[in-house]
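Okay, so the sequence shown: first residue is 65 according to my numbering, each after it adds one. Glycine included, each C-beta is placed from N, C-alpha and C at the ideal position. As the structure is a prediction and not an experimental result, all values here were calculated from the model. Take a look at the structure set out below.
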Amino acid sequence: PPPVRLVDYRPYPFALDHVNLEFFLEPSKTRVRNKMTGRRVFGEHALMNLHGENLKLISIALNGHILPENQYEQTDEGLNIHMPAGEFCLEIETEISPEENTQLSGLYMSGGRFCTQCEAEGFRRITFYPDRPDVLAPFDVRMEANKEKYPYLLSNGNPGKSGDIGTDRHYAEWSDPHPKPSYLFALVAGDFDVYTDSFTTMSGKETPLAIYVDKGDYDRCAYAMDSLKRSMSWDEDVFGREYDLDVFNIVAVRDFNFGAMENKGLNIFNAAYVLADGKTATDADFEAIESIVAHEYFHNWTGNRITCRDWFQLCLKEGLTVYRDQEFSADMRSRAVTRIKDVIRLRARQFSEDGGPLAHSVRPDEYARIDNLYTATVYEKGAELIRMLRTLIGDTAFFAGLNRYFDTYDGQAATIEDFLNSFQLSTSENIKEFANWYSQSGTPVVTASGVYDSIARTYTLTVGQRTEPTPGQPDKLALPIPLRTALFSNKGRRLSTKLNGEINDEHLVVLRDFEQVFVFTDVSSAPIHSLNRGFSAPIKLKDGLNDANRSTLAAADNDPFAQWEGLQTLARGLLIDLASNEDGSMNDRIHAFVDAIDEAFTAAIDDPAFASLILRLPSVGELIQDQNASDPSKFHAARLTLKRAIARHIENSLVATIQNQETGPFDPSASAAGRRALKATAIDLLSSLQNEHAQRISDNFHSATTMTEILASMNALGNIEGGGAEGELFDNALTVFEEKWKDSALVMDKWYSVQAMSVRSDLRARLQRLCARTDFDLKNPNRVRAVAAAFAMNNPVAFHAPDGWGYEFLTDIILKVDGLNPALSARLATAFENWRRFSSDRQIHAEKQLRRLDDANLSKNAQDIITRALA
Ligand code: HT7
Ligand code: ZN
Numbered sequence: 065p066p067p068v069r070l071v072d073y074r075p076y077p078f079a080l081d082h083v084n085l086e087f088f089l090e091p092s093k094t095r096v097r098n099k100m101t102g103r104r105v106f107g108e109h110a111l112m113n114l115h116g117e118n119l120k121l122i123s124i125a126l127n128g129h130i131l132p133e134n135q136y137e138q139t140d141e142g143l144n145i146h147m148p149a150g151e152f153c154l155e156i157e158t159e160i161s162p163e164e165n166t167q168l169s170g171l172y173m174s175g176g177r178f179c180t181q182c183e184a185e186g187f188r189r190i191t192f193y194p195d196r197p198d199v200l201a202p203f204d205v206r207m208e209a210n211k212e213k214y215p216y217l218l219s220n221g222n223p224g225k226s227g228d229i230g231t232d233r234h235y236a237e238w239s240d241p242h243p244k245p246s247y248l249f250a251l252v253a254g255d256f257d258v259y260t261d262s263f264t265t266m267s268g269k270e271t272p273l274a275i276y277v278d279k280g281d282y283d284r285c286a287y288a289m290d291s292l293k294r295s296m297s298w299d300e301d302v303f304g305r306e307y308d309l310d311v312f313n314i315v316a317v318r319d320f321n322f323g324a325m326e327n328k329g330l331n332i333f334n335a336a337y338v339l340a341d342g343k344t345a346t347d348a349d350f351e352a353i354e355s356i357v358a359h360e361y362f363h364n365w366t367g368n369r370i371t372c373r374d375w376f377q378l379c380l381k382e383g384l385t386v387y388r389d390q391e392f393s394a395d396m397r398s399r400a401v402t403r404i405k406d407v408i409r410l411r412a413r414q415f416s417e418d419g420g421p422l423a424h425s426v427r428p429d430e431y432a433r434i435d436n437l438y439t440a441t442v443y444e445k446g447a448e449l450i451r452m453l454r455t456l457i458g459d460t461a462f463f464a465g466l467n468r469y470f471d472t473y474d475g476q477a478a479t480i481e482d483f484l485n486s487f488q489l490s491t492s493e494n495i496k497e498f499a500n501w502y503s504q505s506g507t508p509v510v511t512a513s514g515v516y517d518s519i520a521r522t523y524t525l526t527v528g529q530r531t532e533p534t535p536g537q538p539d540k541l542a543l544p545i546p547l548r549t550a551l552f553s554n555k556g557r558r559l560s561t562k563l564n565g566e567i568n569d570e571h572l573v574v575l576r577d578f579e580q581v582f583v584f585t586d587v588s589s590a591p592i593h594s595l596n597r598g599f600s601a602p603i604k605l606k607d608g609l610n611d612a613n614r615s616t617l618a619a620a621d622n623d624p625f626a627q628w629e630g631l632q633t634l635a636r637g638l639l640i641d642l643a644s645n646e647d648g649s650m651n652d653r654i655h656a657f658v659d660a661i662d663e664a665f666t667a668a669i670d671d672p673a674f675a676s677l678i679l680r681l682p683s684v685g686e687l688i689q690d691q692n693a694s695d696p697s698k699f700h701a702a703r704l705t706l707k708r709a710i711a712r713h714i715e716n717s718l719v720a721t722i723q724n725q726e727t728g729p730f731d732p733s734a735s736a737a738g739r740r741a742l743k744a745t746a747i748d749l750l751s752s753l754q755n756e757h758a759q760r761i762s763d764n765f766h767s768a769t770t771m772t773e774i775l776a777s778m779n780a781l782g783n784i785e786g787g788g789a790e791g792e793l794f795d796n797a798l799t800v801f802e803e804k805w806k807d808s809a810l811v812m813d814k815w816y817s818v819q820a821m822s823v824r825s826d827l828r829a830r831l832q833r834l835c836a837r838t839d840f841d842l843k844n845p846n847r848v849r850a851v852a853a854a855f856a857m858n859n860p861v862a863f864h865a866p867d868g869w870g871y872e873f874l875t876d877i878i879l880k881v882d883g884l885n886p887a888l889s890a891r892l893a894t895a896f897e898n899w900r901r902f903s904s905d906r907q908i909h910a911e912k913q914l915r916r917l918d919d920a921n922l923s924k925n926a927q928d929i930i931t932r933a934l935a
């Protein structure tokens with residue numbers, strides 16, 4: 065089918081004034097009565113197009129009369145109805161089968177409960193409807209179901225009447241006064257444990273809050289609830305946004321394609337991002353819960369109150385909301401550590417997307433399948449654009465622009481143009497060129513070089529930008545790139561200098577052309593430049609510095625991000641060279657690097673979360689991004705060499721860190737998590753010394769009291785490559801873990817993942833065994849991802865095995881999943897996105913599997929990814 069194009073956008077000719085939905089819930093046959101009242105807004109003879117998919121049509125009535133068949137036509141996409149002029153009341157009854165819905169889009173069953181997922185185009189799988197984000201209406205919902213099996217009946221908005229029907233059935237009504245698009249509709253019916261609390265909003269309104277979870281999970285809700293209350297309070301304090309309904313509900317479900325969904329007043333979550341306690345969740349889990357609960361809550365304003373005109377504008381809500389959740393996490397935790405983690409994630413996921421065949425702009429102008437547009441580019445790069453905008457126009461104009469946007473577009477479906485215009489009206493900066501960041505794909509590469517004139521005391525910094533061609537965009541524009549810049553003396557002292565008439569020890573250099581020269585004056589000594597501090601722009605920087613300069617910056621820079629970045633750049637260069645030099649000629653550089661790491665690590669020891677990041681080396685995935693014909697196993701070997709050098713150098717300190725036992729009750733705070741993060745890093749580094757510390761790590765596994773440490777130890781044992789005794793330690797740990805947690809699906813997902821990420825030689829057989837287990841459920845996305853995504857995304861050595869078995873293994877899973885859940889199979893297929901970057905032997909194997917997928921007559925979602933990957 066032809067792609068959907070932004071230029072083809074046309075407003076809908078009808079407006080809906082009200083939608084009334086009635087559900088008669090049964091797993092195999094649910095009846096849906098949909099009554100829409102509205103009117104034609106323009107176009108005299110317009111047909112009314114209603115989307116519909118997998119629906120059994122029972123009846124249609126228009127203005128109280130059954131509609132004769134010649135007044136409408138049913139197509140593969142839905143219904144087209146000949147409408148009279150003026151107002152209408154359209155009533156449609158359909159039947160659906162939630163229990164047969166394995167796609168997890170529309171109304172489906174999860175763990176015996178009814179739940180929905182309507183974004184992006186799931187509502188059309190519930191009833192015939194203009195399922196597009198620019199058609200907004202207030203909804204009233206009535207649900208009827210068996211009372212014993214489904215005691216809780218929930219939907220959007222505020223609760224209304226409820227009561228019994230006969231002896232075994234009951235009903236509940238909900239009313240959402242805020243006009244919303246269909247993708248924000250939600251319904252849940254089932255039996256739950258309910259964790260309640262309340263929040264008093266800034267205008268003094270007490271709002272009941274509830275989290276609905278599987279029976280038995282009540283004790284694992286406290287952190288999510290606390291995160292929710294902190295999010296509500298933060299959104300008032302920082303963005304002035306108040307909650308606007310009488311209640312706020314969250315439901316956790318086991319089977320979900322994504323992290324969570326921001327349905328108005330009724331957020332539905334993947335249980336993995338709600339449930340946590342000190343025994344079963346890692347610190348990463350706690351951090352993710354805090355961030356996702358906040359993200360979905362923040363959507364109430366950025367996404368729900370103001371929504372997207374069409375799906376091309378997805379970044380309007382997602383980029384802005386990710387930016388808001390990142391700022392929230394930065395305020396709740398360490399700002400520097402949060403920023404570093406955000407950048408690691410951006411580099412791992414977005415930069416690789418932007419540099420391969422799936423590259424697309426933050427606001428694309430066409431797409432084949434909407435589900436495949438929920439990408440790191442739309443989300444993470446979208447957030448970076450908001451951050452850059454704030455840097456460019458300053459805090460005052462930024463918040464003025466946002467408030468203008470909220471005031472102007474509240475209750476509407478908006479575009480990126482509307483959004484940017486709100487800022488343009490609030491700043492004297494011209495942000496016209498900034499819009500190009502939304503339409504141009506690819507990651508700009510920025511180069512810098514400087515010349516010092518000791519007589520004139522000037523430093524002339526020449527900065528250039530270039531963006532490689534991406535699919536459909538051979539020629540690139542110069543983008544406005546804000547680079548926070550400081551100059552340091554070669555002794556590591558930050559220099560106060562003058563740029564554009566302003567004296568400061570940090571300047572904002574805005575690169576607008578392909579090449580530009582910036583002259584700093586009053587420069588007291590030959591400087592070393594520190595550019596893109598805080599990662600002020602999502603670019604790749606070739607800073608023109610040598611290793612000695614970078615070591616100086618790493619030791620001296622007062623900006624923790626810049627310090628960390630200095631070490632990462634050193635490490636990246638070293639690892640890339642190490643991967644192609646196996647003759648020991650690199651020893652001096654390795655020693656110098658290890659000394660730099662040691663110095664920075666020692667200086668950071670009072671901030672364990674940051675110290676653990678100092679010890680982190682760029683991942684294999686990051687290293688291969690700018691390489692061609694690369695062999696991932698060589699990068700893995702290079703990392704291992706460097707990890708060993710670091711581990712040997714600070715071995716005593718690492719051992720002491722591991723021996724530091726936690727006491728007292730579990731503390732989920734960022735500082736306690738930081739201590740555990742350092743311990744996990746110490747375990748990982750010591751495991752690089754192979755069996756020397758295997759017993760110590762195994763002992764740590766058995767004595768550890770937190771999931772973070774337990775998993776770090778298991779991961780480490782799984783990464784000690786030899787067979788023999790260490791293999792037994794790994795297997796023994798797995799057995800103990802399984803025995804303890806076999807009844808907890810979310811914990812067992814971790815057990816699956818640890819194995820899928822192991823580099824041990826028995827991995828292939830192990831994976832086959834895992835997939836043959838009865839609890840390896842292809843219908844459960846968390847379980848499938850625990851094996852397939854963990855393997856393909858986090859185990860580059862095995863996934864890119866020289867004989868191609870890793871590619872074949874993933875392909876086998878994609879083929880099995882696709883018939884059940886196309887959104888999931890398509891996402892798994894993205895693991896092949898950079899197949900052309902690898903050595904020719906790998907390319908041959910990858911292409912063979914891609915062709916296998918291409919020939920398999922897969923879903924449109926998966927086919928879209930495969931076609932683009934092969935193009
Ligand atoms: N806005 C939500 C997106 C989402 C989604 C998209 C496609 C398929 C399933 C989905 N579940 C949720 C999530 C968010 O960004 O908050
Ligand atoms: Zn979102």
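Asked, Found
"The beta strand (DSSP E) with VAL881 in it runs from where to where?", "Segment 869-882 is the alpha helix (DSSP H) holding VAL881; no beta strand (DSSP E) there."
"Please determine whether the Cβ atom of GLU133 lies at a distance below 7 Å from any heavy atom of the ligand ZN.", "no"
"Just to check my reading of the structure: VAL823 and ALA865 have Cβ atoms closer than 8 Å, yes? What is that Cβ distance to the nearest angstrom?", "Going by Cβ atoms, the distance from VAL823 to ALA865 rounds to 11 Å, so no, they are not a contact pair."
"Are there any heavy atoms of the ligand HT7 lying less than 7 Å away from the beta-carbon of GLN181, as far as the coordinates show?", "yes"
"Answer yes or no: the CB of GLU448 versus the heavy atoms of the ligand ZN, is any distance below 7 Å?", "no"
"Judging by CA-CA distance, which residue of ARG557, LEU827, THR166 and THR745 is the nearest neighbour of ASN622?", "ARG557"
"Straight-line CA distance for ALA852 to ARG901?", "21 Å"
"For GLU254, does the three-state DSSP call read helix, strand or coil?", "Note on residue identity: the sequence assigns Gly, not Glu, to residue 254. Three-state result, GLY254: strand."
"In the DSSP assignment, find the beta strand (DSSP E) that holds GLY528 and state where it starts and stops.", "522-530"
"Are ASN331 and PHE320 touching if we call contact CB-CB under 8 Å?", "no"
"Taking the continuous alpha helix (DSSP H) assigned at PRO696, which residues delimit it?", "696-713"
"Judging by CA-CA distance, which residue of ILE908, ARG828, ILE878 and LEU934 is the nearest neighbour of TRP7?", "Lying before the first or after the last residue shown, residue 7 is absent from the chain, which here runs from 65 to 935."
"Just curious, the alpha helix (DSSP H) that THR460 is in, first and last residue?", "459-473"
"Classify ARG849 as helix, strand or coil using the three-state DSSP reduction.", "helix"
"Determine the DSSP secondary structure at TYR287, reduced to helix, strand or coil.", "helix"
"In this structure, how does DSSP classify MET266 when only helix, strand and coil are distinguished?", "coil"
"How far does the alpha helix (DSSP H) with PHE483 in it reach, from first residue to last?", "480-488"
"From the DSSP output, in three-state form, read off ILE156 for me.", "strand"
"For VAL83, count neighbouring C-beta atoms within 10 Å of its own C-beta (all shown protein chains included) and say buried if the count is 16 or more, exposed if not.", "buried"
"To the nearest whole angstrom, what separates the beta carbons of ARG427 and GLN377, a pair I think is in contact under 8 Å?", "7 Å"
"First and last residue of the alpha helix (DSSP H) that includes ILE356?", "347-362"
"Taking 6 Å as the limit between beta carbons, can you name the residues of its chain near GLU157, skipping five residues before and five after?", "ARG97, ILE122 and SER123"
"Run the CB neighbour count on THR264, radius 10 Å, all protein chains shown included, and call it buried at 16 or more, exposed below.", "exposed"
"Can you find a C-beta in chain B that's less than 8 Å from the C-beta of GLU785?", "Protein chain content of the structure displayed is limited to a single chain, and chain B is not contained in it."
"Under three-state DSSP, which class holds PRO66?", "coil"
"So, for CYS379: in the same chain, excluding its five sequence neighbours on each side, which residues have a beta-carbon less than 6 Å away from its beta-carbon?", "VAL426, ARG427, VAL442 and GLY446"
"If you draw a straight line from the C-alpha of ASN467 to the C-alpha of ALA693, how long is it?", "49 Å"
"Under the criterion of a Cβ to heavy atom distance below 7 Å, does HIS359 qualify as lining the ligand ZN?", "yes"
"Could you tell me how far apart the beta carbons of GLU90 and ARG206 are, in whole angstroms, since I believe they sit closer than 8 Å?", "Going by Cβ atoms, the distance from GLU90 to ARG206 rounds to 15 Å, so no, they are not a contact pair."
"For the beta strand (DSSP E) containing ASP839, name the first residue and the last one.", "Careful: ASP839 lies outside any beta strand (DSSP E) and carries neither H nor E."
"State buried or exposed for GLY565, treating a residue as buried only when at least 16 other CB atoms are found within 10 Å of its CB.", "exposed"
"Please say whether LEU609 and PHE584 have beta carbons closer to each other than 8 Å?", "no"
"In the DSSP output, what is PHE584 paired with across the bridge?", "TYR523"
"Is THR385 close to the ligand ZN? I mean its beta-carbon at under 7 Å from any heavy atom of the ligand.", "yes"
"Mark ILE229 as exposed unless 16 or more other C-beta atoms lie within 10 angstroms of its C-beta, in which case mark it buried.", "exposed"
"Please go through the segment 163-203 and give each complete beta strand (DSSP E) segment of 3 or more residues, from N-terminal end onward.", "170-174 and 177-181"
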